[in-house]
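Engineer:
There are 2 protein chains.
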Amino acid sequence: MEHLSLSILGASSAIPLSNRSPTAQFLGIGNEFFLIDCGEGTQVKLRQHRIGFGRIKHILISHLHGDHFYGLIPLLTTMQLLDRHAALHIYGPKKLEELVRHQLDLTESKIIYPLLFHTLDPDRKTCIFENKHLEVHSFPLRHGITCFGFLFQEKPLPRKMLKEELEKYDIPVAEIRRIKAGSDWIDANGNRIPNEELTEASAAPMSYAYCTDTLPVKHLHRYFKGVDLLYHEATFLSSEKDRALQTNHSTAAQAAEIAEICKAEQLLIGHFSVRYKDFHGLLAEAQSVFPKTLIAGEGLHFSLDRKSRELKIERENSYRA
Amino acid sequence: MEHLSLSILGASSAIPLSNRSPTAQFLGIGNEFFLIDCGEGTQVKLRQHRIGFGRIKHILISHLHGDHFYGLIPLLTTMQLLDRHAALHIYGPKKLEELVRHQLDLTESKIIYPLLFHTLDPDRKTCIFENKHLEVHSFPLRHGITCFGFLFQEKPLPRKMLKEELEKYDIPVAEIRRIKAGSDWIDANGNRIPNEELTEASAAPMSYAYCTDTLPVKHLHRYFKGVDLLYHEATFLSSEKDRALQTNHSTAAQAAEIAEICKAEQLLIGHFSVRYKDFHGLLAEAQSVFPKTLIAGEGLHFSLDRKSRELKIERENSYRA
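Residue numbers (my numbering), protein chains in the order written: chain X, -2 to 318; chain P, -2 to 318.
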């Protein structure tokens, strides 16, 4: 994929309102798609965003507070009703599998497709998924109960062959792969042509980090640094700093400080308390610390272009909330 | 209450769509309010209908298929977040309490307000709630798993004193209650004035029966007869009669036959399969058997006046689905 794409299916905090849904995001990166958290009603939000359930192979659950997972079992049973056969990977805290299996058993719900649970390590940064293009890591957050952040990081692309050099030195096609991987070229006269002369760097890999729910974690930069996009919760304004501390959440200013420390390119904030009727104050507070902050608004679709590094924002058409 | 009021929060079948929500109804009758079934997202539907959560003291769950109860635990935890103190009564199949408590325990969710479970009897019609104005009964339906219908029935009101007779015979106020309850009056000359001459009948009590999900139950008339309003599922058209049988559901024609047998005044049908893009065919099929049939459309509010027996239908303003 030439783009990293992120759809905000919900970004509210614990109490759902008619126009504010609990947390869920749909991420496309490195040829894979991830559903991150799955609050109540996520399956309906997926439909509103016209995201086919068949595209979902991985679901990541940050923690076992209802506003982050109540939509999971409903989605799993709908997938069964829709006759899914493909395996589904679910990553989350230890008790998640017990919770899901117990409820499916009690209600005599049969899930025929393979349901593969991956229990995350609450103590350290861990690689939880890897393919040719991508690595996904989980890392611990601080939220009173076991809670995970996630880092999605493309692998570097091989260098790109310069077409004019290819012709100039009459390099056989069979050699290209080796040169792209970094080798120099020895021509017919025994001259070494350095790799830098033959190739150019590909666009840098793209990355996304997801951090909710959490107190500000000062050492977060040990888990990732310089991500293109960081989503960090900002449940409260600084004026409610004590309340944030009591409830294991962050303020908008704290989220911005974390973005600064982690040298993120762009910060998205969300998970606002329902006490805030609009989000101008939260945005202003974060931007005063970290200017490149945006609201992760429900129904928004962010897309980052690999080459231009331009972040495009669209509102989902069918979205009427 | 001079009215029976019924809000359709959701009336779709198992697979939710953006504009069709799983089953939930909010009923007001005999000075009480009941939430009947609680599919995923019911708390948001309650908000769209501007129904305060504090009004809910009784939740009835017909059966443990997800589209009828997935919204229950989310609603219970939101009530806790909103600092509820009042007791909440939950009526449902045997395993419901275990399911709820297990999930609340696993997620370390504390519910402080009293949560009182009432396990229903799957074998017979049973009175599950009674007060001065009202009786509520559960009765068994046929749906493959344990499933209940519910009957809400006002108690008859006392006869009404005729004011002109009161004056004519100079009846003391202290005697009115006895006469309203049915006594005759002996005047100063020892003449017996029969009760029928002194009083008139109050408007008949109102009643509502709720039957979903179920195969047609031919003996349903043994549980109730002559209700003002009957909600009966009608998942399929008759052309899908075999599918209805396989999946333990009813067709629109079967729902209408049941209304006929039970001598309902008015039939509401719902729980339509998502295969039907519009409901004209289902309505026509039911009306050909039982003309007084209406669609229990999501976002509709039915209200029945005790005196005129007129059924008014309004669409909830804030409802945008």
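Built from N, CA and C at the ideal position, the CB exists for glycine as well.
With P/Gly63 as the anchor, note down where its alpha helix (DSSP H) starts and where it stops.
Structural biologist: Counting along the chain, the alpha helix (DSSP H) containing P/Gly63 begins and ends at 63 to 66.
Engineer: For P/Ala21, list the residues DSSP reports as bridge partners.
Structural biologist: Its beta-bridge partners are P/Gly7.
Engineer: Among X/Arg272, X/Glu307, X/Ile266, which residue has its Cα nearest to the Cα of X/Ile5?
Structural biologist: Residue X/Ile266 is the option with its Cα nearest to X/Ile5.
Engineer: How long is the line joining the alpha carbons of P/His268 and P/Pro13, rounded to whole angstroms?
Structural biologist: Cα to Cα, P/His268 sits roughly 11 Å from P/Pro13.
Engineer: If we define contact as Cβ-Cβ less than 8 Å, is P/Arg44 a contact residue for chain X?
Structural biologist: Chain X, which has a Cβ nearer than 8 Å to the Cβ of P/Arg44, makes this yes.
Engineer: Within 10 Å of its beta-carbon, does X/Ser315 have 16 or more other beta-carbons around it, so buried, or fewer, so exposed?
Structural biologist: So X/Ser315 ends up on the exposed side.
Engineer: Please report whether the beta-carbon of P/Tyr67 lies at a distance below 8 Å from any beta-carbon of chain X.
Structural biologist: Closer than 8 Å to some Cβ of chain X, the Cβ of P/Tyr67 qualifies, so yes.
Engineer: At least one CB of chain X closer than 8 Å to the CB of P/Gly51: is that the case?
Structural biologist: By this cut-off, P/Gly51 is not an interface position.
Engineer: Three or more C-beta pairs under 8 Å: does that hold for the stretch 298 to 316 of chain X against the stretch 275 to 287 of chain X?
Structural biologist: Flag = no, the stretch 298 to 316 of chain X and the stretch 275 to 287 of chain X do not touch.
Engineer: Whose C-beta lies closer than 7 Å to the C-beta of P/His130 among residues of the same chain, with five residues either side of it excluded?
Structural biologist: Excluding sequence neighbours, P/His130 sits near Gly27, Asn28, Glu151, Lys152.
Engineer: In three-state DSSP terms, what is X/Ala318?
Structural biologist: A caution first: X/Ala318 carries a pLDDT of 45, below 50, which makes its placement in the model unreliable, though a value can still be read off. X/Ala318: coil per DSSP, three-state reduction.
Engineer: Using a beta-carbon distance cut-off of less than 8 Å, what residues from the stretch 20 to 47 of chain X approach chain P?
Structural biologist: The stretch 20 to 47 of chain X vs chain P, Cβ under 8 Å: Glu37, Gly38, Gln40, Val41, Arg44, Gln45.
Engineer: At the level of alpha carbons, what is the spacing between X/Ala318 and X/Gly296?
Structural biologist: Annotation note: pLDDT 45 at X/Ala318 (below 50); position unreliable, coordinate value reported separately. Approximately 8 Å between the Cα atoms of the pair.
Engineer: Measuring alpha carbon to alpha carbon, tell me which residue in X/Ser18, X/Ser270, X/Leu154 is nearest P/Lys42.
Structural biologist: Of X/Ser18, X/Ser270, X/Leu154, the residue nearest in Cα terms is X/Ser18.
Engineer: Using a cut-off of 7 Å between C-beta atoms, extract the partners of X/Leu14 located in chain P.
Structural biologist: Those within 7 Å of X/Leu14 in chain P are Arg44.
Engineer: Per DSSP, which residues does X/Ser135 bridge with? Please list them.
Structural biologist: DSSP lists X/Thr123, X/Phe147 as partners of X/Ser135.
Engineer: For X/Ser247, does the count of other Cβ atoms within 10 angstroms reach 16, so buried, or fall short, so exposed?
Structural biologist: Buried, because 16 or more other Cβ atoms sit within 10 Å of the Cβ of X/Ser247.
Engineer: Since P/Ala11 meets chain X, which of its residues come closer than 9 Å, beta carbon to beta carbon?
Structural biologist: Correct list: Thr74, Thr75, Leu78.
Engineer: Could you check which residue in X/Asn188, X/Lys177, X/His216 has the C-alpha nearest to that of X/Ser199?
Structural biologist: For X/Ser199, the nearest C-alpha among the options comes from X/Lys177.
Engineer: Using the beta-carbon count (16 or more within 10 Å), is P/Cys208 buried or exposed?
Structural biologist: It counts as buried.
Engineer: What did DSSP end up calling X/Leu226 once you bin it into helix, strand or coil?
Structural biologist: Note: X/Leu226 maps to strand in three-state DSSP.
Engineer: With three or more C-beta pairs closer than 8 Å as the rule, is the stretch 112 to 130 of chain P touching the stretch 83 to 98 of chain P?
Structural biologist: At 8 Å Cβ cutoff, the stretches touch.
Engineer: Applying the criterion that 16 or more other CB atoms from any shown protein chain within 10 Å of the CB defines a buried residue, is P/Asp225 buried or exposed?
Structural biologist: P/Asp225 comes out buried.
Engineer: Using a Cβ cut-off of 8 Å, pull out every chain X residue sitting near P/Gly63, in sequence order please.
Structural biologist: Simply Ile70, Pro71, Thr74, Thr104, Ser106.
Engineer: In terms of residue numbering, what span does the alpha helix (DSSP H) encompassing X/Ile292 cover?
Structural biologist: That residue, X/Ile292, is in no alpha helix (DSSP H); its beta strand (DSSP E) goes 290 to 292.
Engineer: Where does P/Glu295 sit, in a helix, a strand or coil, going by DSSP?
Structural biologist: Of the three classes helix, strand and coil, the one that applies to P/Glu295 here is coil, per DSSP.
Engineer: Would you decide whether X/Leu79 is buried or exposed? Buried here means 16 or more other CB atoms lie within 10 Å of its CB.
Structural biologist: It counts as exposed.
Engineer: Measure the Cβ-Cβ separation of P/Phe31 and P/His0 and say whether it is below 8 Å.
Structural biologist: No, the pair does not count as a contact, with Cβ atoms beyond the cut-off.
Engineer: Figure out for me which residue from X/Ile168, X/Arg219, X/Arg139, X/Leu159 has the closest Cα to the Cα of X/His60.
Structural biologist: Minimum Cα distance to X/His60 is reached at X/Arg139.
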